[in-house]
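Enquirer: Here it is: the structure, laid out below.
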Amino acid sequence: MDVQKILTEASAKVGPSGQEMEVAEYFAGQFRPFVDEVTVDAMFNVIAHKKGTGPRVALFAHMDEIGLMVIAIEEDGSLRLGNVGGVDPRILPASRVWVHGKERLFGTIGAMPPHLMKPEDRKKNYERKDLYVDVGLPVEKVRELVRVGDIVTFNVPATPLLNGQFAAKTMDDRACVAMLVETAERLRKLQCDADVYFVGSTQEEVGSRGAETAAFAIAPDLAIAIDVDHATIPGSRPNTTVELDSLCASIGPFLQPKLLKRLMDCAAAHHVKLQTTVAERNTYTDGDEVSLARDGIPMVLLSLPLKYMHTTVETLDIQALQEGSRLLSHFLSELDAGWEDDLWI
Amino acid sequence: MYELLKKVLKPYGPSGNEEAVAQTIRQALEGHVDSIESDVMGNLIAVKKGTDPNGKKVMFSAHMDHIGFIVTGFEKEGFLRVTSVGGVDPSSNQFRHVVFGNGVEGVVVSQPLQPGENRAMKHLFIDIGAQDKAEAEKMVKLGDVAVYAPNVVRLGEHRVASPAMDDRSACAVLLQFLLQAGRYADTIIGVFSVQEEVGCRGAKTASFALAPDVGIALDVTAWGDTPEVDQPAVSLGKGIAVKVMDRASISNPALRDQLMGLAESKGIPYQREVLAFGGTDAGSMQTSRGGIPVCTLSIPCRYVHSALETVDLRDMEAGVQLMLAYMEDGVK
Amino acid sequence: MDLKTLTELRAPSGNEQPLRRALLAEIKAMGLEPKLDRLGNVVVVKPGTQGAGAKRVMLSAHMDEVGLIVANVTEEGFLRPLPIGGVDPRVIISKRVLCGDEAVPGVIGAMAIHLQTPEDRKRVLGYDDIYVDIGAKDKAEAQAQCPMGTYITFDTAYVEFGDGFVSAKALDDRVGCYTLLRVLEGTYPCDVVAVFSSQEEVGCRGAKGAGFAQEPDVALVLEGTTCNDLGKVPQPEQVCAAGAGVAVSFMDRSSIGNKRLFAQALELAQAQAIPFQVKGSVSGGNDAGVIQLARGGVPTLVLSVPCRSIHSPSSVCKLSDVEAQLALTQALLRAM
Numbered sequence: 012m013d014v015q016k017i018l019t020e021a022s023a024k025v026g027p028s029g030q031e032m033e034v035a036e037y038f039a040g041q042f043r044p045f046v047d048e049v050t051v052d053a054m055f056n057v058i059a060h061k062k063g064t065g066p067r068v069a070l071f072a073h074m075d076e077i078g079l080m081v082i083a084i085e086e087d088g089s090l091r092l093g094n095v096g097g098v099d100p101r102i103l104p105a106s107r108v109w110v111h112g113k114e115r116l117f118g119t120i121g122a123m124p125p126h127l128m129k130p131e132d133r134k135k136n137y138e139r140k141d142l143y144v145d146v147g148l149p150v151e152k153v154r155e156l157v158r159v160g161d162i163v164t165f166n167v168p169a170t171p172l173l174n175g176q177f178a179a180k181t182m183d184d185r186a187c188v189a190m191l192v193e194t195a196e197r198l199r200k201l202q203c204d205a206d207v208y209f210v211g212s213t214q215e216e217v218g219s220r221g222a223e224t225a226a227f228a229i230a231p232d233l234a235i236a237i238d239v240d241h242a243t244i245p246g247s248r249p250n251t252t253v254e255l256d257s258l259c260a261s262i263g264p265f266l267q268p269k270l271l272k273r274l275m276d277c278a279a280a281h282h283v284k285l286q287t288t289v290a291e292r293n294t295y296t297d298g299d300e301v302s303l304a305r306d307g308i309p310m311v312l313l314s315l316p317l318k319y320m321h322t323t324v325e326t327l328d329i330q331a332l333q334e335g336s337r338l339l340s341h342f343l344s345e346l347d348a349g350w351e352d353d354l355w356i
Numbered sequence: 063m064y065e066l067l068k069k070v071l072k073p074y075g076p077s078g079n080e081e082a083v084a085q086t087i088r089q090a091l092e093g094h095v096d097s098i099e100s101d102v103m104g105n106l107i108a109v110k111k112g113t114d115p116n117g118k119k120v121m122f123s124a125h126m127d128h129i130g131f132i133v134t135g136f137e138k139e140g141f142l143r144v145t146s147v148g149g150v151d152p153s154s155n156q157f158r159h160v161v162f163g164n165g166v167e168g169v170v171v172s173q174p175l176q177p178g179e180n181r182a183m184k185h186l187f188i189d190i191g192a193q194d195k196a197e198a199e200k201m202v203k204l205g206d207v208a209v210y211a212p213n214v215v216r217l218g219e220h221r222v223a224s225p226a227m228d229d230r231s232a233c234a235v236l237l238q239f240l241l242q243a244g245r246y247a248d249t250i251i252g253v254f255s256v257q258e259e260v261g262c263r264g265a266k267t268a269s270f271a272l273a274p275d276v277g278i279a280l281d282v283t284a285w286g287d288t289p290e291v292d293q294p295a296v297s298l299g300k301g302i303a304v305k306v307m308d309r310a311s312i313s314n315p316a317l318r319d320q321l322m323g324l325a326e327s328k329g330i331p332y333q334r335e336v337l338a339f340g341g342t343d344a345g346s347m348q349t350s351r352g353g354i355p356v357c358t359l360s361i362p363c364r365y366v367h368s369a370l371e372t373v374d375l376r377d378m379e380a381g382v383q384l385m386l387a388y389m390e391d392g393v394k
Numbered sequence: 007m008d009l010k011t012l013t014e015l016r017a018p019s020g021n022e023q024p025l026r027r028a029l030l031a032e033i034k035a036m037g038l039e040p041k042l043d044r045l046g047n048v049v050v051v052k053p054g055t056q057g058a059g060a061k062r063v064m065l066s067a068h069m070d071e072v073g074l075i076v077a078n079v080t081e082e083g084f085l086r087p088l089p090i091g092g093v094d095p096r097v098i099i100s101k102r103v104l105c106g107d108e109a110v111p112g113v114i115g116a117m118a119i120h121l122q123t124p125e126d127r128k129r130v131l132g133y134d135d136i137y138v139d140i141g142a143k144d145k146a147e148a149q150a151q152c153p154m155g156t157y158i159t160f161d162t163a164y165v166e167f168g169d170g171f172v173s174a175k176a177l178d179d180r181v182g183c184y185t186l187l188r189v190l191e192g193t194y195p196c197d198v199v200a201v202f203s204s205q206e207e208v209g210c211r212g213a214k215g216a217g218f219a220q221e222p223d224v225a226l227v228l229e230g231t232t233c234n235d236l237g238k239v240p241q242p243e244q245v246c247a248a249g250a251g252v253a254v255s256f257m258d259r260s261s262i263g264n265k266r267l268f269a270q271a272l273e274l275a276q277a278q279a280i281p282f283q284v285k286g287s288v289s290g291g292n293d294a295g296v297i298q299l300a301r302g303g304v305p306t307l308v309l310s311v312p313c314r315s316i317h318s319p320s321s322v323c324k325l326s327d328v329e330a331q332l333a334l335t336q337a338l339l340r341a342m
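The structure is reproduced here in structure tokens:
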């Protein structure tokens, strides 16, 4: 599988939280050659099922992206924006966007130029109210093509960097969905009894709503959430980040300890470098909701380090991603009926 | 619509105490639906069966509860200490007329604030005219809830101000819809839900129990048409608002577009709504079981969560018309 | 099992194994059949005497306690902790702790008052300032003893003092566990589903799964609750009083007590002269919040023992309130 190609393609698909139809269709197509059945459910979750007779395990990585929404059209035809998920307003000035109206419109986000600002205002960040989208059309035309509630997504091509690093929008968390596609591919070459569901989930950025309902519908015996974690950048506070070059497993009350040990043992056996981090409470991933579906589902979290999260230049190490799919495929392959013995003793 | 609205606004019904509202609605619906029952949480559930044995189940939810002040203690002088049930704004509560479920009346008063202090629930007390603690304890009990005293005010030709407009105006819309609805291929489940103001709890359990295929919440939304207020871009009198998103749910795009398309083709006034805060029962319905498509139809409402929440009767009518049009069109 | 043993067992949220093992053994010794579910709850079903048609009543008391977890180890060999559950950093300075399954002793130190500047004295110490010292000579030794992810509990012996009071760690919610074990000694007309739940302090996680799996008709939640009764407390900040009886809740931030159950509890307490008080505060949340929302909804009521200095290394309750919690729980079960 050409990881760079899938990341580049996935990154360009439209799919802010709640409106993941296009990206869902894309990933459904990517999973299809490697599994027995692929469905897209009412929440637009992509559910790829590789049938087996062993424990039922579900893996979750989310497809939705943070985005923007038109909340008002000004008299001059400029558009005011609201958030879909947690967008940092500092990334907005001078960003290029697509406005998904009746037609797809090119737009650029503008703000009052610094020359016209008072010196003290120049020291402040732009706030949402200072920013507007310019689609270069007269107001009548704008009103004809754009309506309140239309989505606005970032228009940024992907950029390969040195040393296998790769920068693109939506790598949180489509890089991890790509990891699942590659896991499905690798699994075909391994013996695997487990009944495996790969889930490209939706609405994670607004509260893991897709994963919550998919976990209910699938009713797995155990689950693995795969999401991104903050990689170290200049100025990171000590002990708040992980290294970019290798995967990370979380330790804490939400993570099932025996299952976590199984994952760490598997990584050691296959020489996959695995960092650890502590989540003393919520993990703020799909895992939080998934682990509480139905009677409760033992869950672990595997993270892919990412620089510049929630920007349009989210940067990852492709080799770390591939190590993730290698680890997950072995983990699934080695999952036997005894996984549940003495789980809580 | 005005008469129906007045009837539904009348009963006492803070979160957790919705029985009187359910009783009023049940009486109005008797004989007009196939079944009406209350569930263990107190949700009132009215069903109008569809004609198609393979038809879908559409759940409409409007919440009966409203915000209030719950008694947490007594001062020795006979004043009541209270805290909020639902989103009560302490800053707007000084010298407010309130009433308890047993008819005891009172005035909400704020004690003087220290310099720099913002008014909080702990600064409020209710004066019920008791001489001392012993008398007050005979009049109300710990855990009793006061609400803004009923006070329906007609503003101009089309507008009405009252407490509890959130969400009794939507209850009136759902009630009117159930009274007017004919037989459709799909089944209508009208849920008058409880405990929305404390976390959409009634709709959560009802949607699990009823397992609908589609969920439509009916609620009020904020306004953007008074001085220095322009968000959300919604105005009173411009029609029913079809929600695109709020903090609790993102409307299913196909369902949302079907509703807006119907409004356009039938000439029903409607507006598009994006709310940066808040949530409705749609959030609870959407994530129930395996997940379902949801949307919210909102009645624009000025001064939400105050003692004079204001709506436009025409927007409510438009809501009824759009719901009827939707059932005729059927679940897609 | 007595309250002393229960409070001295170590069970921070997510790492309740020692208490879980002790409960399993105790319940088996009572001739009952405890089960473990996938969230680590200990579940015991005791059929009622009514047989078929008996109400299925779930009783929930949470096993877990607040504590700390090692997030990092410094170069010098100190442990940097984060809280498990709501632990106010201001109450853990100068306290003794036990780390990990091996119970490695440690202390939470702070700069001596002599060395503090006037500004230092005003500053509130947060988790960025707090560390646990196990006496390790360097990072390697500390990591070998207490690696990242090691759970830490307070090291506090159980002491009975004054007029029937107890000072201990983890009274929230070992009082509930104690009551629930005693409840299981009796038989009732209804079916009793006793759930010793996991992970309440980090979001009522155990009870959420158990509420769904057990499908109860009614649920009673046995808790320890905040108590702010000493000193000059203004009325709006009062909650309940230690020694005034079991506290019955009409509402908290996660649930509204079922009105019929609430009225029934008050009537029974009055009729049977069980000391009780109505909890005069709408604060906090507990297992009732998730159990009431299980499936199609469950009527719930919370019965609590008032605990002074709750969530601290040394909380206080009165034994007579625990007895009242037991008496009222049993009265309700007999009336189901």
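Chains as they are written, first to last, in our numbering: chain P, 12 to 356; chain H, 63 to 394; chain B, 7 to 342.
From the three backbone atoms N, C-alpha and C, an ideal C-beta is built for every residue, glycine too.
Please read these numbers as outputs of a predicted model, since none were measured by experiment.
So which of 264/B, 24/B and 141/B has the shortest CA-CA distance to residue 297/B?
Expert: 264/B
Enquirer: How many angstroms separate the CA atom of residue 242/B from the CA atom of residue 144/H?
Expert: It is roughly 8 angstroms from the alpha-carbon of residue 242/B to the alpha-carbon of residue 144/H.
Enquirer: If we count the other Cβ atoms within 10 Å of its Cβ and call it buried at 16 or more, is residue 259/H buried or exposed?
Expert: buried
Enquirer: Can you give the Cα-Cα distance for residue 115/B and residue 99/P, rounded to whole angstroms?
Expert: 39 angstroms
Enquirer: Just confirm the distance between the C-beta atoms of residue 101/H and residue 303/B, as a whole number of angstroms; I'd bet it's less than 8 angstroms.
Expert: 6 angstroms
Enquirer: Out of 232/B, 319/B and 188/B, which has the shortest C-alpha to C-alpha gap to residue 36/B?
Expert: 188/B
Enquirer: Quick one: which residues of the stretch 90 to 114 of chain B get their C-beta closer than 8 angstroms to a C-beta of chain H? List them in chain order.
Expert: none
Enquirer: Could you tell me if residue 263/H is buried or exposed, where buried requires 16 or more neighbouring beta carbons within 10 angstroms of its beta carbon?
Expert: buried
Enquirer: Do residue 140/B and residue 319/B have their beta-carbon atoms positioned less than 8 angstroms apart in this structure?
Expert: Going by C-beta atoms, residue 319/B is not nearer than 8 angstroms to residue 140/B.
Enquirer: Helix, strand or coil: how does DSSP classify residue 285/H here?
Expert: Residue state, collapsed to three classes: coil.
Enquirer: Is the Cβ of residue 312/H closer than 8 angstroms to any Cβ of chain P?
Expert: For residue 312/H, the answer is yes, since a Cβ of chain P falls inside 8 angstroms of its Cβ.
Enquirer: With residue 329/P as the anchor, note down where its alpha helix (DSSP H) starts and where it stops.
Expert: 329 to 344
Enquirer: With residue 194/P as the anchor, note down where its alpha helix (DSSP H) starts and where it stops.
Expert: 182 to 198 is the extent of the alpha helix (DSSP H) around residue 194/P.
Enquirer: Under 9 angstroms Cβ-Cβ, which residues of chain B neighbour residue 289/P?
Expert: 75, 76, 77, 78, 88, 154 and 155
Enquirer: Please confirm whether residue 231/P and residue 69/P have their CB atoms less than 8 angstroms apart.
Expert: The Cβ-Cβ distance between residue 231/P and residue 69/P falls below 8 angstroms.
Enquirer: For residue 221/H, which beta-bridge partners are listed by DSSP?
Expert: 217/H and 374/H
Enquirer: Report the partner residues of residue 109/P according to the DSSP bridge assignment.
Expert: 117/P and 164/P
Enquirer: Using three-state DSSP, classify residue 260/P as helix, strand or coil.
Expert: DSSP places residue 260/P in strand when its eight states are reduced to three.
Enquirer: Evaluate residue 383/H with the Cβ neighbour count: other Cβ atoms within 10 Å of its Cβ, from every protein chain shown; 16 or more gives buried, anything less gives exposed.
Expert: buried
Enquirer: Spell out whether any CB of chain H is found under 8 angstroms from the CB atom of residue 310/B.
Expert: no
Enquirer: According to a CB-to-CB cut-off of less than 9 angstroms, which residues of the stretch 349 to 362 of chain H neighbour chain P?
Expert: Residues of the stretch 349 to 362 of chain H with a C-beta atom less than 9 angstroms from some C-beta of chain P are 349, 350, 351, 352, 353, 354 and 355, listed in chain order.
Enquirer: Using 8 angstroms as the threshold, is the C-beta distance between residue 325/P and residue 183/P below it?
Expert: yes
Enquirer: Of all the options 247/B, 224/B and 271/B, which has the alpha carbon lying nearest to the alpha carbon of residue 62/B?
Expert: 224/B
Enquirer: Could you compute how far the alpha carbon of residue 339/H sits from the alpha carbon of residue 309/H?
Expert: 5 angstroms
Enquirer: Please report whether the beta-carbon of residue 305/P lies at a distance below 8 angstroms from any beta-carbon of chain C.
Expert: Checking the listed chains, one finds no chain C in this structure; the protein chains it contains are P, H and B.
Enquirer: Starting from residue 9/P, trace the alpha helix (DSSP H) both ways and give me its first and last residue.
Expert: Chain P is shown only over 12 to 356; residue 9/P falls outside these bounds and no answer can be derived.
Enquirer: What residues are listed by DSSP as bridge partners for residue 257/B?
Expert: Residue pairing for residue 257/B: DSSP places it in a beta bridge opposite 262/B.
Enquirer: Closer than 8 angstroms by beta-carbon distance: list the chain H residues that pair up with residue 28/P, in chain order.
Expert: The contacting residues are 312.
Enquirer: Is there a Cβ from chain H that is less than 8 angstroms from the Cβ of residue 163/P?
Expert: no
Enquirer: Quick check for students: name the residue ranges of the alpha helix (DSSP H) that lie wholly in the stretch 29 to 56 of chain P, counting only runs of 4 or more.
Expert: 32 to 42
Enquirer: CA-CA distance, residue 265/H and residue 231/B?
Expert: Taking the straight line from one Cα to the other gives about 29 angstroms.
Enquirer: In three-state DSSP terms, what is residue 174/P?
Expert: Reduced to three states, the DSSP call for residue 174/P is helix.
Enquirer: Give the range of the alpha helix (DSSP H) segment to which residue 80/P is assigned.
Expert: For residue 80/P, there is no enclosing alpha helix (DSSP H); the enclosing beta strand (DSSP E) covers residues 78 to 84.
Enquirer: Would you list, in chain order, the members of the stretch 244 to 264 of chain P that have their beta-carbon closer than 7 angstroms to a beta-carbon of chain B?
Expert: 250, 262, 263 and 264
Enquirer: Taking residue 157/B and residue 73/B to be in contact with their CB atoms under 8 angstroms, please state how far apart those CB atoms are, rounded to whole angstroms.
Expert: Sure, about 6 angstroms apart at Cβ, within 8 angstroms.
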